[in-house]
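In the working numbering, the protein residues as written are 1 to 611.
All C-beta atoms in this analysis are idealised placements derived from N, C-alpha and C, irrespective of residue type, glycine included.
Everything below concerns the one structure shown next.
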């Protein structure tokens, strides 16, 4: 393993101390530089350094001047540009399009990045270094690689690669791609010739495309067609959605007015030994020492551990299928133990491992033999497959090993679990998690209880959550300090009407669940739900789907917080629209009191409710 610096250099002075006259690669990012494996810049920078390349970081450059971009000079191989860990517009705006007042990925929470950061940074780099290759990546570029609906402008935008003067776009988790790009450029290949790397997309000029044999390509409806025709948009989404498997995915092309966007099949998942190496690189788990203010996003994850990647849940509102994929890639238990042992030796470590997980914590160790040779099934969701082995034995072995590490007091699962993956006969697993791995609250995400809304979301029906909730409550008997479920619910999702939200509000009333975690649906690029939101169509069946918008979304969210007096007017409006005036009054079942009546009893505390 190549010797690595304590931190990747951000200044010429740091480079000189390391004996670097000219960097091989410079990473430009919209986040502060935090040397932690949960931050993409640190992870890719460490991986590239491990592969033998020198890497400099330009974090949150001032895009209104040239100085920050010129600080480290011209890289020998390429610039890599990313908006950061989160899409810059998701980061900048709330779901109702109000601008946020802080940025957790910036020192002191200050607002330091531009909107559409990938485009802004790439334009500036290209203007200053016109002959140097530019590779864009990260979640913003990855999920905007085709023509896409943009919620913030309420329009269909071109692929980001059609707008950004970049040579390549890396999508998904980018370790294989960036190392391959670096090695081939170092060997003398031109950036324009790198058109065969899995997990990348590139531009092809129209003349060449017209003379190309399109056999083997999946050709999507073009940008102008999907912009004008909602059926074409829905069909295009369904087509490229089906090609996001590394083993069976085909090359996808989408014509644009001045270019054609070509997406190669996704990159192969990292094997366990490769994933181990990535996460065992010597991350400092700290912000770069040049910062005088803390970066808020670090503290919740500083002593957390990534155990695996991928998610086969296929929730409609999630774009992980287009980014990490459905195949679960798990690290070895020994590797995770070594990482926690190093954490435990740090003076700042207090004995608490904040989280061990991934997109869904209890998918660790789950594997399907088909994934190795044929990829995921094209005609079914893994989460529904009766042949998928759902044992949690590997996760339990992992948690046991971690608890035995000297200096470790608690090992928490903060990333939440998928309750429909826990078979009824595995009450022992649930008891084990509740006994030693949650700090009073267990996060789960039923999202809704209405049958039609759950179906549209790709979530299990209400009775599955009910059964799980009862199993959880049964474990609380006799405990001196009970634990609580913290369910995540969503309002305003496609398919959801006000009557569905009233049903959910009544469910919350009857179960006395805690409802602080309510998200108003935000149409983010490249999810099934966003396609439905924009087109009003199920992209796989082309059937019409009801889509709440405007004021109705506000009413739906208010119904989830019916206990809050500030929401009285909106809740009353919603109940009347649903023909449910019976829920307005002063009896025990009412959600809100009658105006001028006595205090509602809906705020009562029943046994089991979280205080």
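Nearest-angstrom Cα distance between residue 5 and residue 155? 45 Å
Can you tell me where the beta strand (DSSP E) with residue 351 in it begins and where it stops? Unbroken run through residue 351: none, as it is neither H nor E.
So, at 6 Å on beta carbons, what are the nonlocal neighbours of residue 529 in its own chain, with the 5 sequence-adjacent residues on each side left out? 316, 317, 494
Going by DSSP, what residue range makes up the beta strand (DSSP E) through residue 589? Where residue 589 is concerned, there is no enclosing beta strand (DSSP E), given that its DSSP letter is neither H nor E.
Under three-state DSSP, which class holds residue 7? coil
For residue 520, which of helix, strand or coil comes out of DSSP? strand
Suppose you measure from the CA of residue 233 to the CA of residue 162; what does that come to, to the nearest Å? 17 Å
Sort 457, 384, 397 by Cα distance to residue 423 and report the nearest one. 384
Suppose the cutoff is 8 Å on Cβ atoms and the five residues either side in sequence are ignored; what does the same chain contact list for residue 517 look like? 443, 486, 487, 488, 489
Would residue 570 pass as a contact of residue 502 if the rule is Cβ separation under 8 Å? no
Give a yes or no on contact between the segment 75 to 92 and the segment 131 to 151, applying the rule of three or more CB pairs nearer than 8 Å. yes
When we look at the beta-carbon of residue 615 and count the other beta-carbons within 10 Å, is it buried (16 or more) or exposed? Nothing about residue 615 can be read from this structure; the chain reaches only from 1 to 611.
Run through the DSSP bridge pairs and tell me what residue 444 is partnered with. 487
Straight-line gap, residue 276 to residue 223 (C-alpha atoms, nearest Å): 40 Å
Have a look at residue 202 and residue 122 and give me their C-alpha separation to the nearest angstrom. 15 Å
Could you tell me how far apart the beta carbons of residue 368 and residue 399 are, in whole angstroms, since I believe they sit closer than 8 Å? Between residue 399 and residue 368 the Cβ distance is about 23 Å, and since that is not below 8 Å, they are no contact.
Can at least three beta-carbon pairs, one atom from the segment 21 to 39 and one from the segment 112 to 121, be found at a separation below 8 Å? yes
Residues in its own chain within less than 6 Å of residue 450 by CB, not counting five upstream and five downstream? 500, 503
Which same chain residues end up closer than 7 Å to residue 578 when comparing Cβ atoms and leaving out the 5 residues on each side of it in sequence? 498, 499, 502
Going by DSSP, what residues sit across from residue 544 in a beta bridge? 537
Mapping DSSP to helix, strand and coil, what is residue 559? helix
When burial is assigned at 16 or more other CB atoms within 10 Å of the CB, is residue 94 buried or exposed? exposed
Check residue 199 in the structure and name its three-state DSSP category. coil
Per-residue DSSP class, three states only, for residue 286: strand
Could you tell me which of 151, 259, 362, 204 sits nearest to residue 87, measuring between CA atoms? 151
Between which two residues does the beta strand (DSSP E) carrying residue 612 extend? Here the chain covers residues 1 to 611 and nothing more, so residue 612 does not appear.
Residues near residue 409 in its chain [Cβ-Cβ closer than 6 Å; skip 5 each side]: 351
Is it a yes or a no for the segment 232 to 251 touching the segment 318 to 337, going by three-plus beta-carbon pairs under 8 Å? yes
When we look at the beta-carbon of residue 153 and count the other beta-carbons within 10 Å, is it buried (16 or more) or exposed? exposed
Assign residue 108 to one of three DSSP states: helix, strand, or coil. helix
What residue does the beta strand (DSSP E) around residue 574 start on, and which one ends it? Here residue 574 belongs to no beta strand (DSSP E); instead the alpha helix (DSSP H) covers 568 to 577.
Is it a yes or a no for the segment 177 to 186 touching the segment 543 to 558, going by three-plus beta-carbon pairs under 8 Å? no
DSSP beta-bridge partners for residue 255? 260
Going by other Cβ atoms of all chains shown within 10 Å of its Cβ, with 16 needed for buried, is residue 371 buried or exposed? buried
In or out: residue 576 buried (at least 16 other Cβ within 10 Å) or exposed? exposed
Mind checking residue 54: buried by the 16 CB within 10 Å criterion, or exposed? buried
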